[in-house]
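For the sequence shown, my numbering gives the first residue as 30, with consecutive numbering after it. Yeah, the Cβ is synthetic: ideal placement off N, Cα and C, and Gly gets one too. A short worksheet on the structure shown next.
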Amino acid sequence: MQSFSEAPGVGSNMLLAFGTEFKGIKFLPLRAGFAVGGNSQFMTGLGLGLKIGAFSMNWALQSYKSLLPASGSGIGLGFDMTIGM
Numbered sequence: 030m031q032s033f034s035e036a037p038g039v040g041s042n043m044l045l046a047f048g049t050e051f052k053g054i055k056f057l058p059l060r061a062g063f064a065v066g067g068n069s070q071f072m073t074g075l076g077l078g079l080k081i082g083a084f085s086m087n088w089a090l091q092s093y094k095s096l097l098p099a100s101g102s103g104i105g106l107g108f109d110m111t112i113g114m
């Protein structure tokens with residue numbers, strides 16, 4: 030996030046990010062994206078989803094300052110699950 034002041038999780042440096050989602054298999058979307066700028070300078074991300082009816086799960090892996098997690102300065106992991114509309 031960009032802000033006019035510094036705080037945990039936000040900074041005043043501009044960040045440009047974009048991503049895409051591929052639904053080759055309707056219930057199993059694949060996601061990828063990258064960002065430049067901000068406090069981390071460069072980030073890439075990969076994700077996978079599972080959606081069956083009202084149930085959905087999503088997993089994501091983010092790499093800081095590299096294309097691959099093994100050669101960067103850190104990784105981030107994400108997970109969520111929802112049941113409902």
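Compute the beta-carbon to beta-carbon distance between residue i and residue j, rounded to the nearest angstrom, for a pair I have assumed lies under 8 Å.
i, j, result
"Gly-78", "Met-86", "7 Å"
"Leu-75", "Ala-61", "6 Å"
"Ile-81", "Phe-108", "At roughly 17 Å, the Cβ-Cβ gap does not stay under 8 Å, so Ile-81 and Phe-108 are not in contact."
How is the beta strand (DSSP E) around residue i delimited, first residue to last?
i, result
"Gly-48", "44 to 51"
"Lys-55", "Lys-55 -> no beta strand (DSSP E), and no H or E assigned at all."
"Met-110", "103 to 112"
Quick check on residue i: does DSSP put it in helix, strand or coil?
i, result
"Ser-92", "strand"
"Ser-85", "strand"
One question on the structure: do residue i and residue j come within less than 9 Å of each other, judged by their Cβ atoms?
i, j, result
"Phe-84", "Met-114", "no"
"Lys-94", "Gly-101", "yes"
"Gly-66", "Leu-44", "yes"
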